[in-house]
Each structure stands twice: as structure tokens, then as C-alpha cells.
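Read through the structure below, which is laid out as C-alpha cells, and then see the notes.
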Amino acid sequence: PADGERIQADHDHVILLSEWTDENPHHVFQKLKSMGHLYNFSQPTLPGFLDDIARDGWQAAVSRREMFNVMRMKPTDLADLSAETLTYLMNGNPPEANHTCVFARGNRVRLRIINGAGNTFFDVRIPDLPMTVVQVDGIDVEPVTVDEFRCGPGETVDVIVIPTEDAYTVFAETMERSGYAAGTLATRVGL
């Protein structure tokens with residue numbers, strides 16, 4: 016598009032990513048206050064420490080461990096909560112419910128992806144379908160084509176896609192890789 020010209024789409028869909036827990040939120044908070052790494056299963060191990068020593072040397076490996084101990088966190092602590100307690104949703108649906116956005120093949124589709132989660136960063140991708148980012152948090156940006164992007168809590172990213180097949184998976188995986196929200200971009204419901 017020319018400078019200042021907005022890319023138009025034939026179809027618009029809003030995808031709201033969110034999270035849900037069946038646990039009492041007060042109990043979740045209490046657990047995090049007493050043992051902050053409770054929901055983080057990617058813990059440092061002795062073999063990992065030995066690999067660090069082999070790669071970086073004894074002093075650097077010990078220094079790195081001490082740095083994280085002072086911060087009272089683990090190097091793998093990317094999120095306070097994980098799929099251990101959270102279910103990740105797309106437009107209020109868990110992955111097995113398969114939320115579907117319908118389009119006509121060959122048309123431009125604008126997807127407004129909103130991260131409504133309070134805790135989770137999502138890495139969003141549509142395998143085999145490039146996405147052109149055209150707007151971030153309501154501000155037009157220079158269009159850039161990507162295979163994946165990261166969306167933090169409260170962020171909104173608008174992308175344009177031009178699907179040529181009947182169905183694609185819209186996959187939003189959590190940054191720490193413990194779970195995901197998923198749905199389908201398809202020519203009809205049920206694909």
C-alpha cells in the first residue's frame with residue numbers, strides 16, 4: 016500500500032485470548048506468596064548445571080545460579096502461572112471446543128488478536144499462512160509480514176492474512192510453553 020493507505024480486508028474477526036482457573040483465585044495467590052515457583056515445572060537440574068559448567072566454566076555457572084538465587088527466582092521462571100492451573104481460551108472456548116472464524120477462500124481477512132489474559136504472554140502463529148501485521152494497540156504500523164508474534168497481556172495486534180486453503184489452525188502458545196489456546200480459520204464451521 017501507498018504511504019498512509021490502510022490495507023482493506025474482506026472479512027474481519029476478533030480473537031480474544033484469555034485464561035481461566037477452576038481453582039479459587041485466593042488460594043492460587045496464597046500458594047504463589049508461599050512458594051512462587053509452584054506452577055513452574057521447568058526447574059534447573061544437576062545435568063543442566065553440569066552442561067553450564069562445560070559450556071561456560073565453573074565460575075560463570077556458579078555466578079549465574081547465585082544471581083538467580085539473589086533474585087529468588089529460577090532462570091526458567093517465565094510466568095507465575097502455567098497450564099498446571101490455567102486453561103487458555105480463544106473467544107471463551109478451550110482448544111477442544113475449536114472456535115472457528117469463517118472466511119471466503121482468496122479474500123483478505125483481518126484478525127484483531129487481543130490478549131485479555133492477566134498473566135500470560137502468547138506466541139501467536141498460523142502454520143503455513145504468513146501474517147502481515149498492520150496495527151498494534153490501535154496504532155497503524157508499517158506493514159511487516161511475520162510467521163509468529165508475541166502478544167503480552169493487554170496488547171492488541173491486527174494482522175491481515177490471505178488464506179488459499181480451506182482451513183488453518185490459529186495457535187496461541189504460552190511463552191513458557193506449558194499450554195495453548197487454539198481455533199480454526201476456515202471456509203465453513205466444522206473443518
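Counting the sequence shown from 1 gives a position; my numbering is that position plus 15. All residues carry an ideal CB built from backbone N, CA and C; glycine is no exception.
Listed in chain order, the beta strand (DSSP E) elements of length 3 or more contained wholly in the segment 61-126 are 101-105 and 114-117.
The alpha carbon of residue 143 has as its nearest neighbour, out of 107, 182 and 72, the alpha carbon of 182.
The shortest CA-to-CA distance from residue 131 to any of 172, 25 and 66 is the one to 172. In this structure, residue 114 lies near residue 106, with their beta-carbon atoms less than 7 Å apart.
The beta carbon of residue 201 is closer than 7 Å to those of 115, 117, 181 and 182 in its chain, skipping five residues each way along the sequence. According to the DSSP assignment, residue 137 belongs to the beta strand (DSSP E) that extends over 137-140. Boundaries of the beta strand (DSSP E) harbouring residue 147: 146-151, taken from the DSSP string. Put simply, the backbone Cα of residue 184 is about 15 Å away from that of residue 175. Note on residue 82: under 16 other CB atoms within 10 angstroms of its CB, so exposed under the neighbour-count rule. Per DSSP, the unbroken beta strand (DSSP E) holding residue 165 starts and ends at 163-166.
Taking each of 204, 198 and 84 in turn and checking the Cα distance to residue 33, the smallest one comes out for 198.
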